[in-house]
Amino acid sequence: MAQQEAPKQTEKRSAKVDAMVDAMADFVLENGLTAASLRPLAKAAGTSDRMLLYYFADKHELMAAILERVADRMVAMLDAIADSEPMSPDALLTALMPLLSSDLAWPFMRIWIALASEGANGDSNAQNVGKRLGQRFLKWGKGRLIGADEAERHKEASRMLVMIEGQVMLKALGLEQIGKDALG
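Quick note: the sequence shown uses our numbering, first residue 235, plus one each step.
Spelled out as structure tokens, the structure:
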């Protein structure tokens, strides 16, 4: 009997952790990465900071889970606007840029900028998570591009990522119009 109860407990714990990660992702999207210390995250998740560290080995594991959830939401948003059929790089960039510059996507972009800043200041955890997320978005872009040649799709997806990140940085600095002018 105890063996049958263990999977139910695991499922229940998994559902609880999943709900907590969702709530903490909401908190980070609303308040930014700099507000993501243990107590506010625990409050957002409806638990204590000690219990967070029961469910996650440390704050780095916790933040990685939160940022992966944020990335899941961003990918869902991108999927909603990108055609299911592969597109040319210019067509995909034209479809993405209005969304990525919008108020709807800006909370995601603010998190990305904060993560990049932490990584630039030598935070290896931020670098590792940022690298993983950046590669995930690169793979997403590559999967949406026309072309049989893998190397060319990789090159074009990389170019798009650089252009998008440049536009995000310009917007953060109040220079969004420069990016719009460059993209026509």
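No residue lacks a Cβ here, since even glycine has one placed at the ideal position from N, Cα and C.
The three-state reading of DSSP puts Leu338 in coil, since its state is none of H, G, I, E or B. If you look at Ser322, you'll find it isn't in any alpha helix (DSSP H); DSSP assigns it neither H nor E. Under the three-state reduction of DSSP output, Leu409 falls in the coil class, being neither helix nor strand. Runs of the alpha helix (DSSP H) spanning 4 or more residues and lying entirely within the stretch 328–407 occur at 340–354, 358–377 and 384–406, in chain order. Around the CB of Gly364, 16 or more other CB atoms lie within 10 Å, so the residue is classed as buried.
Per DSSP, the unbroken alpha helix (DSSP H) holding Leu275 starts and ends at Leu272 to Ala279. Of the candidates Gly400, Asp383, Ala253 and Val402, the residue whose Cα lies closest to the Cα of Arg303 is Ala253.
Only residues of its own chain outside the window of five on either side were considered, and among them Glu410, Ile412 and Gly413 have a CB closer than 7 angstroms to the CB of Leu404, listed in chain order. Here Leu286 is near Leu275, since their CB atoms are less than 8 angstroms apart. Cβ-Cβ distances below 8 angstroms link Ala316 to Leu326, Ala329, Leu330 and Arg378 in the same chain, with the five nearest sequence neighbours on each side left out; the list follows chain order.
Contact check for Lys376 against Ala391 passes: the beta carbons are separated by less than 8 angstroms.
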